[in-house]
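The sequence shown begins at 948 in the numbering used here and counts up one residue at a time.
The next block holds one structure in the form of structure tokens; read it before the comments.
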Amino acid sequence: MNLGEVCIETNDVVKIADFYRNILGISSDCKDEVHQFVITEGTTLSVYNNGKAKNNQNENISLAFTVDDVDEEYKRLLNLGIHIIDTPQLQPWGAKNMHFCDPDGNHIYFRSLPKSV
């Protein structure tokens, strides 16, 4: 069994999909206001609005993306105007993480893993 995709429900599909494409470096001209896919290296993130209002207080979800160099990504995201909550820091388990949120408040981590992992 494999996890097929992660879906983020939101009131503003275009804004959230554009945000994720921006931080992941993916280009698209899709402006569908109901459902969009953000696909990178075999992983599917979908952004969806089923017509029901969302409270957008997603305090129980975090998305973690593994990157080659979290320090370089930190600089790139700063240049994009992303507000960083936690700058890149080495964790006790060896990963180096940084933390920020999407416009709906979903927690996002970019991390670099130790080379031996």
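Each residue gets a CB set at the ideal place from its N, CA and C atoms; glycine is no exception.
Nearest-angstrom Cα distance between Gly1052 and His1046?
Translated into positions along the sequence shown, residue 1052 becomes position 105. Translated into positions along the sequence shown, residue 1046 becomes position 99. Rounded to whole angstroms, Gly1052 to His1046 spans 12 Å at the Cα level.
For Ala1042, does the three-state DSSP call read helix, strand or coil?
In the sequence shown, the residue the question calls residue 1042 occupies position 95. Coil at Ala1042, not helix or strand.
For Val960, name the three-state secondary structure that DSSP assigns.
Here residue 960 corresponds to residue number 13 of the sequence shown, with the count starting at 1. Helix, per DSSP.
Beta-carbon gap between Ser993 and Cys954 smaller than 8 Å
Walking along the sequence shown from the start, residue 993 turns up at place 46. Walking along the sequence shown from the start, residue 954 turns up at place 7. Against a cut-off of 8 Å, the Cβ pair of Cys954 and Ser993 comes out as a contact.
Contact set for Leu1037: own chain, Cβ-Cβ below 8 Å, skip 5 residues either direction
In the sequence shown, the residue the question calls residue 1037 occupies position 90. Lys1043.
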